[in-house]
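Residue numbers for the sequence shown, in UniProt numbering: 1 to 340. Data block below; observations after.
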Amino acid sequence: MPTALTNSTDNIFTISGGSGKPKLSISLTGKSSTSVNELGVFAVDDAQGRINGIAPGAAGYTEAALARSQVVLSPLANVPNGFISDPSRSLEFNNGDRLRFYLVKNSSTDAVRAGQTPLSNVVFSSATSQKVTDLGNSNFTLALEDGTGAADFQDLVVKIQPSNQPLPLGIGLQGKSQAEVIDLRGLTQQVKADFVLNREAGFNNFVGFYKVADESGGIDTNGDGKADLTPGQAGYTQAAVRGRVAGIDLAVSNQGTANFNDKQLTGGSIFAPFLISNGTVDQVLNGQNNQVYFAYLGANSDKADHIRLLGNNIFGFEDLAGGGDFDYNDVTVRVNLSIA
């Protein structure tokens, strides 16, 4: 039975069928917002959109929705030269899930959960914020309005369609809280990684990857498989940079494209990215530069969200303290993974 997606009400979709867990492919087809909004999705309990008995618009609804949400993607407002125009995300659900979409205005789900962005920035799907077009064959266009500028429903536009393809390597954790990472758990083989970088920034930034011991970003320093340092603890930044994966030293010229092919990652682990803002590895290890930013907000000196999920295995970085201009295009990293 093929995967089916239906839209019985304006703002709730139902997914069913397929072999195993039903999957959706969601691809960016348009955007006009000058802000870097984030699209997310969550499952509701009934056709009215309730969550644990809480109705849409009632106190506690936003918190309940974000507690069970998945991030879909963030479209860049100012796209660097060479970056792809139609990034996509693959997501897996339970059979029969009722799905509702939301948008975070000029911020992220992680920042809202951390209390850095007000709950009022979360815009839920409704007649005034969303238009759905049925394209037939369980395909839909979802056009969202972020409440700024003209009400033209062009701020963020995606195509949603069922997918029978297996999930791409590495994306298992992507969409969860503070999880702009590559998840290779469950694999025992070596994995080949090809990286494509683009940039729209004055700073010369460095991007690397390091192995973490768990989903919370802990680092194992003594080899016993358990986290010895957690994000925010003294020594975490230097341990991450010192323990980076050898040979994956990523940088790109402004408005350029850089390719780093045939790199190796070892199956069985989670690999998280970091960005050194306008500095070098040696400067960090010598204590001369502490502007290193991670997927884990607690590891960042300003506790801000510096990495956004732009698509499957695609990460966008903000290189300025405090979030800077929040454009997340200072470096973009696309990772193409295959079994070596």
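Idealized CB from N, CA, C, for every residue including glycine.
- Residue range 98 to 104 is occupied by the beta strand (DSSP E) that includes R100.
- The Cβ atoms of Y102 and A64 lie no closer than 9 Å to each other.
- Nearest to S277 by alpha-carbon distance, out of D305, F317, D110, is F317.
- DSSP lists L144 as the beta-bridge partner residues of Q130.
- When rounded, the separation of the alpha-carbon atoms in P231 and N336 is 27 Å.
- R50 sits in coil when the DSSP states are folded into three classes, being neither helix nor strand.
- Considering only Q190, G30, N95, the residue with the shortest C-alpha distance to F13 is N95.
- Assignment of L250 by DSSP, reduced to helix, strand and coil, places it in the strand class.
- In this structure, the alpha-carbon of A55 lies about 7 Å from that of Y61.
- Inside the stretch 5 to 80, DSSP marks whole alpha helix (DSSP H) runs of 4 or more residues at positions 61 to 67, from first to last along the chain.
- In this structure G149 is exposed. Its beta-carbon is surrounded by fewer than 16 other beta-carbon atoms within 10 angstroms.
- Between L275 and V196, the gap from beta carbon to beta carbon reaches 9 Å or more.
- Rounded to whole angstroms, the separation of the alpha carbons of T141 and L135 is 7 Å.
- Contact annotation, L167 with D183: C-beta distance approximately 10 Å; criterion of less than 8 Å not satisfied.
- Spanning the alpha carbons of N286 and G20 requires a straight line of approximately 50 Å.
- Scanning E180, G256, K131 for the CA closest to the CA of G82 turns up G256.
- Under the DSSP assignment, R113 falls in the alpha helix (DSSP H) whose first and last residues are 109 to 113.
- When DSSP reads this structure, Y210 sits in a beta bridge with R244, A272.
- Cβ neighbours of N52 within its own chain (closer than 8 Å, five residues either side excluded): D45, A64.
- For the pair N106 and M1, the Cα-to-Cα distance works out to about 39 Å.
- Short of 6 Å from the beta carbon of G279, and not among the five residues preceding or following it, lie these beta carbons of its own chain, in chain order: N289.
- In this structure, G208 lies near I248, with their beta-carbon atoms less than 9 Å apart.
- Annotation: L337 is outside any alpha helix (DSSP H); the continuous beta strand (DSSP E) that includes it extends over 331 to 339.
- Beta-bridge partners assigned by DSSP to S90: S25.
- Fewer than three beta-carbon pairs drawn from the stretch 184 to 191 and the stretch 71 to 89 are found closer than 8 Å, and the two stretches are therefore not classed as touching.
- Rounded to the nearest angstrom, the Cβ distance from S88 to S25 is 6 Å, consistent with a contact under 8 Å.
- When secondary structure is reduced to three states using DSSP, T266 falls in the strand class.
- In this structure, the straight-line span from the alpha carbon of A251 to that of L309 is close to 19 Å.
- A residue is called buried once 16 or more other Cβ atoms fall within 10 Å of its Cβ, and G170 is buried on that count.
- Burial is judged here by how many other beta carbons sit within 10 angstroms of a residue's own beta carbon; I339 has fewer than 16 and is exposed.
- Excluding residues up to 5 positions away in sequence, A227 lie with their Cβ nearer than 6 Å to the Cβ of D214 in the same chain.
- Put simply, the backbone Cα of N198 is about 7 Å away from that of A258.
- Distance from the CA of S85 to the CA of N222, rounded to the nearest whole angstrom, comes to 43 Å.
- Each residue's CA atom was taken as its position, placing N312 and S163 some 14 Å apart.
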